[in-house]
Amino acid sequence: MYKELFDTIGIKTDKIDLITTALTHPSCTHENNTLYTSDYERLEFLGDAVLKMTVSLILYEKYPDYNEGKLSKIRSFLVADNLLSQLAFELGIDKFLILSKSEEKCGGRKRISNNACAFEALLGAFYLAGKREEINTFLRKIYEPYLDDIINNLDKFNAKECLQEYTQSQDKTLPEYNTVKISGPPHLPCFEVEVVYKNRVLGHGLGHSKKEAQQNAAYEACKVLGLYT
2 MYKELFDTIG
12 IKTDKIDLIT
22 TALTHPSCTH
32 ENNTLYTSDY
42 ERLEFLGDAV
52 LKMTVSLILY
62 EKYPDYNEGK
72 LSKIRSFLVA
82 DNLLSQLAFE
92 LGIDKFLILS
102 KSEEKCGGRK
112 RISNNACAFE
122 ALLGAFYLAG
132 KREEINTFLR
142 KIYEPYLDDI
152 INNLDKFNAK
162 ECLQEYTQSQ
172 DKTLPEYNTV
182 KISGPPHLPC
192 FEVEVVYKNR
202 VLGHGLGHSK
212 KEAQQNAAYE
222 ACKVLGLYT
């Protein structure tokens with residue numbers, strides 16, 4: 002039933018019920034009046050912990066000279082919904098999502114949050130199936146292409162914190178982020194955000210989430226202020 006998915010991920014299990022639950026959107030429990038335990042939310046909770054623990058170990062071993070603060074920042078980017086959903090799309094997880102009719106109709110199969118949740122839920126399912134070493138191997142492999150990009154562009158990924166530290170050092174004022182426009186389909190919106198400091202617009206940013214758009218706006222602001230070259 003899930004042979005293609007197992008082959009792509011590189012982890013197999015005969016615990017098919019766990020996998021089905023990990024792929025079942027909560028809207029199905031509402032539509033079919035079934036127990037909440039039949040959707041992915043509980044497995045997502047477990048998978049989130051498995052993901053953070055495994056990524057923490059990967060970073061701890063790979064970067065022995067990095068302090069706790071830097072390791073935490075890198076981890077936050079690796080476990081963010083935007084990247085998790087991108088990984089889910091690359092693996093074809095979206096094709097296996099079990100959605101209610103209404104969620105399917107409104108584009109839920111391509112929704113960032115749905116795919117990120119299913120990615121984590123699958124990790125939880127494989128963990129319960131006893132595939133802990135396989136999870137470790139899988140995550141090390143799938144994250145490898147992204148690590149260098151994050152390390153080499155840490156300023157960009159960390160722009161919001163950098164901007165906030167600068168403004169607070171000036172007069173304790175926090176930058177403000179305003180959503181200017183939301184475009185695109187409901188399942189894949191595009192947010193345009195501006196960042197304002199002392200009534201001055203310092204930057205604009207685009208992203209498929211407000212957080213991503215704010216990060217891009219902050220990066221532009223940091224360059225305007227000369228914080229980044």
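Last residue of the sequence shown? That's 230 in the numbering used here, and every number before it is there in order. Backbone N, C-alpha and C fix where the C-beta goes; we use that ideal spot for every residue, glycine too. Note that this is a predicted model, so its numbers are computed, not measured.
By DSSP's assignment, F192 forms a beta bridge with I183, G208.
The residues L85, L88, A89, I94, in chain order, have a CB closer than 7 Å to that of F120 in the same chain once the five nearest residues on each side in sequence are set aside. When Cβ pairs closer than 8 Å are counted between the two stretches, the segment 154-166 is seen not to touch the segment 42-55, the count staying below three. Counting along the chain, G70 sits inside the alpha helix (DSSP H) bounded by residues 69-79. Relative to C29, the option among E105, R43, D15, K96 whose CA is nearest is E105.
Leaving aside the five residues that flank L6 on each side, the residues in its chain whose CB is nearer than 6 Å to its CB run, in chain order, F97. If the five residues before and after L24 are omitted, its C-beta is found closer than 8 Å to the C-beta atoms of Y41, I94, F97, L98, I99, A119, A122, L123, all from its own chain and listed in chain order. DSSP, read as helix, strand or coil, puts I99 in strand.
In the pairwise beta carbon analysis, the segment 162-174 is classified as not touching the segment 209-216: fewer than three pairs are separated by under 8 Å.
Cβ contact annotation for Q165 (same chain, cutoff 7 Å, sequence separation greater than five): L175, P176, in chain order.
The three-state reading of DSSP puts Y198 in strand, counting E and B together.
In its chain, beyond the 5 residues on either side, L88 have a beta carbon closer than 7 Å to the beta carbon of I143.
Here G185 is exposed: its Cβ has fewer than 16 other Cβ atoms, across all protein chains shown, within 10 Å. Here L203 carries a strand assignment [DSSP, helix/strand/coil].
In this structure, the straight-line span from the alpha carbon of V80 to that of I20 is close to 21 Å.
In this structure, the alpha-carbon of A219 lies about 25 Å from that of R112. 7 Å or more divides the Cβ of V225 from the Cβ of G206.
Note: T25 is bridge-paired with I99 in the DSSP secondary-structure output.
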